[in-house]
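Engineer:
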Amino acid sequence: MIEDKIDKLIAAIETLTENLSKGVKAEDTKKEKPAEEPAEEPAEEPAENVTLDQLQDLCLKLVRKDRKNKEKIIKIIADHGGELLKDIDGAKLPDVKKALEAI
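With our numbering applied, the sequence shown corresponds to residues 650 to 752, in that order.
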């Protein structure tokens with residue numbers, strides 16, 4: 650997932666470098682790009698950036714709403730491979746968020 654983003658950034662940098670060496674204006678490249686980008690965007694939509702702080706805030710809200718949610722939160726965290734939120738792999742954080750929001 651991160652590797653794909655890095656590859657896209659490298660490709661974009663190479664394209665910019667080529668355009669700069671050819672003397673192509675940035676405005677000219679913007680007109681051509683939108684035709685290509687919509688095909689790539691749907692693949693990236695499910696992957697959202699979720700931070701530990703966001704998850705901690707969500708957990709606090711859920712526990713404040715109902716103390717019984719604490720047990721559910723602990724189970725969700727354990728199901729995703731951690732004892733604490735910080736133990737969970739970053740790639741799994743969006744899944745954890747969805748599970749928490751389902752409570």
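Built from N, CA and C at the ideal position, the CB exists for glycine as well. Being a predicted model, the structure only gives us computed values, none of them experimental.
#1: If you measure between the beta carbons of leucine 733 and leucine 707, is that distance less than 8 Å?
#2: Within its chain, find whatever has a CB closer than 6 Å to the CB of glycine 731; leave out the 5 residues flanking it on each side and keep chain order.
#3: Are isoleucine 725 and valine 745 closer than 8 Å when you measure CB to CB?
#4: Are there 16 or more other CB atoms within 10 angstroms of the CB of leucine 665, so buried, or fewer, so exposed?
#5: Along the chain, where does the alpha helix (DSSP H) containing aspartate 728 start, and where does it finish?
#6: On the three-state DSSP scale, how would you describe alanine 661?
#7: Going by the beta-carbon positions, is the gap between isoleucine 752 and asparagine 698 smaller than 8 Å?
#8: Provide the residue span of the alpha helix (DSSP H) that contains glutamate 750, from first to last.
#9: Can you give the Cα-Cα distance for asparagine 668 and leucine 711, rounded to whole angstroms?
Structural biologist: In short, the structure shows the following:
#1: no
#2: Hits under 6 Å: Ile737.
#3: Between isoleucine 725 and valine 745, the C-beta spacing is below 8 Å.
#4: exposed
#5: 718 to 728
#6: helix
#7: no
#8: 742 to 750
#9: 51 Å
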